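Heads up, the final residue of the sequence shown is numbered 283 in the working numbering, and it's a clean run with no missing numbers. Just so it is clear, CB atoms sit at the ideal spot from N, CA and C, and this is done for glycine as well. These numbers were taken from a predicted model, which means no experiment stands behind them. Right, one structure below, let's go through it.
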Amino acid sequence: MSIATILGVIFGFGLFVGSIILSTDNVFIFLNLPSFIMVLGGTLAATFISFEPRFVVHSLRTMAGILLAHEVGRAILTHEVGRVIRWGYVIQKGGLAGLETDAARARKIDRFLSYGIDLVITGYTGQEVREILANTVETTFQRNTVYSDILRNMGATSPAFGMIGTLVGLIIMLDKMGEDPASLGPGMAVALVTTLYGVLAARLIFLPAANKVQQREEIVRFRNYLLAEGLALLAERKSPRYIQDKMNSYLDPALHFSIDSMMRGRPEVAKPTNGPSEA
5 MSIATILGVI FGFGLFVGSI ILSTDNVFIF LNLPSFIMVL GGTLAATFIS FEPRFVVHSL
65 RTMAGILLAH EVGRAILTHE VGRVIRWGYV IQKGGLAGLE TDAARARKID RFLSYGIDLV
125 ITGYTGQEVR EILANTVETT FQRNTVYSDI LRNMGATSPA FGMIGTLVGL IIMLDKMGED
185 PASLGPGMAV ALVTTLYGVL AARLIFLPAA NKVQQREEIV RFRNYLLAEG LALLAERKSP
245 RYIQDKMNSY LDPALHFSID SMMRGRPEVA KPTNGPSEA
């Protein structure tokens with residue numbers, strides 16, 4: 005689980021609920037089912053009209069997925085460098101056949117990596133591998149950020165439906181004004197709850213989720229570009245030392261991989277992991 009995300013959700017709504025409890029004894033005035041239905045239903049309706057249904061459904065699943073920890077972290081980048089360096093030694097010793105054997109397990113769980121290794125084994129030049137994988141990285145990024153765009157659109161739409169709900173409430177309230185003028189105050193409060201729901205949905209749910217989905221896809225794109233460069237260097241038959249220095253140039257110095265440390269038998273760098281299961 006993504007502890008930071010869960011704590012952020014709890015803290016955000018907790019501050020809101022706590023402020024209400026401290027400010028009024030009538031907390032139930034903030035609970036209004038018609039307002040909730042109007043905001044949520046209107047937002048979903050407008051989104052399904054604007055986008056293909058399968059994209060909307062996947063966007064909602066992606067939004068729920070931010071509660072889970074992201075597999076592509078900072079440490080993974082160092083492991084990716086170490087893995088490519090190891091493959092450089094494998095190619096020096098056993099050629100491309102050795103690479104195919106050594107990378108068999110990684111290819112089963114990482115489609116991007118599997119595709120890149122296929123390009124290297126096929127015999128493309130380093131520049132060709134670099135160009136093909138760069139196109140793959142960018143098109144994948146564009147496809148996956150559609151979901152963050154949809155969530156951002158929902159974040160922009162929900163306050164509008166909150167205002168629509170408020171206008172509906174005001175119309176009903178004014179229509180009954182002649183019957184009972186004393187009901188104007190409570191009626192206005194209920195009408196404004198719809199606007200409140202719309203703003204909360206946008207600022208605490210849809211927009212933060214869209215930003216996190218976007219950021220995670222940018223992290224995956226960076227990781228894939230790093231791997232693409234490493235695979236291109238393997239195709240060019242560069243030395244492991246050159247691969248290390250070139251790939252390290254993409255990283256924060258604190259994350260640099262060191263062949264010398266690997267040779268001294270440090271386990272955390274000597275055995276790179278297979279990396280994330282999706283890219």
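- For Ala213, which residues of its own chain have a beta-carbon under 7 Å away from its beta-carbon, when the five flanking residues on both sides are left out? Answer for Ala213: Met67, Ile70, Leu155, listed in chain order.
- Can you tell me whether Pro257 is buried or exposed, with buried defined as 16 or more other CB within 10 angstroms of its CB? exposed
- How about the stretch 146-166 and the stretch 194-212: do they share at least three Cβ pairs that are nearer than 8 Å? yes
- CB contact flag (Leu81, Leu230, <8 Å): It is a contact, given that the beta carbons lie within the stated cut-off.
- Excluding the 5 residues preceding and the 5 following Gly16 in the sequence, name in chain order all residues of the same chain whose CB lies nearer than 7 Å to its CB. Short of 7 Å from the beta carbon of Gly16, and not among the five residues preceding or following it, lie these beta carbons of its own chain, in chain order: Leu208.
- Test item: CB-CB of Thr199 and Met42 under 8 Å: no
- Item | Reference Asn139, options Val150, Gly99, Tyr119, closest by Cα | Tyr119
- Item | Limits of the unbroken alpha helix (DSSP H) element including Ala107 | Under the DSSP assignment, Ala107 falls outside any alpha helix (DSSP H); it carries neither an H nor an E label.
- For the alpha helix (DSSP H) that Arg58 lies in, which residues bound it at each end? Taken as a continuous stretch (DSSP letters only), the alpha helix (DSSP H) holding Arg58 covers 57-69.
- Task: Could you tell me the boundaries of the alpha helix (DSSP H) in which Val217 lies?
- Result: In the DSSP annotation of this structure, the continuous segment of the alpha helix (DSSP H) that includes Val217 starts and ends at 211-239.
- Using the Cα positions of Thr170 and Ala73, report the straight-line distance between them to the nearest angstrom. 38 Å
- What did DSSP end up calling Ala73 once you bin it into helix, strand or coil? coil
- Would you check if the stretch 44-53 and the stretch 162-180 touch, i.e. whether three or more CB-CB distances between them fall below 8 Å? The stretch 162-180 makes contact with the stretch 44-53; the number of CB pairs closer than 8 Å reaches 3 or more.
- What does a CB cutoff of less than 7 Å around Leu196 pick up in its chain, not counting 5 residues either side in sequence? Thr170
- Item | Alpha-carbon to alpha-carbon, Gly99 and Arg106 | Correcting the residue type first, residue 106 is Asp in the shown sequence and not Arg. Roughly 11 Å between the two C-alpha positions.
- Query: Would DSSP call Phe15 helix, strand or coil?
  - Reply: helix
- Query: What three-state label does DSSP hand Lys97 in the structure shown?
  - Reply: Correct three-state label for Lys97: helix.
- According to the Cβ coordinates, are Ile362 and Arg241 closer than 8 Å? Nothing can be reported for residue 362, as the shown portion of the chain is limited to 5 through 283.
- Task: Count the other CB atoms, across all protein chains shown, that sit within 10 Å of the CB of Ala232; report buried if there are 16 or more and exposed otherwise.
- Result: buried
- Message: In whole angstroms, give me the CA-to-CA distance for Pro271 and Ser265.
- Response: In this prediction, Pro271 has a pLDDT of 46, which is less than 50 and means its spatial position is unreliable; nothing more can be read from the coordinates.
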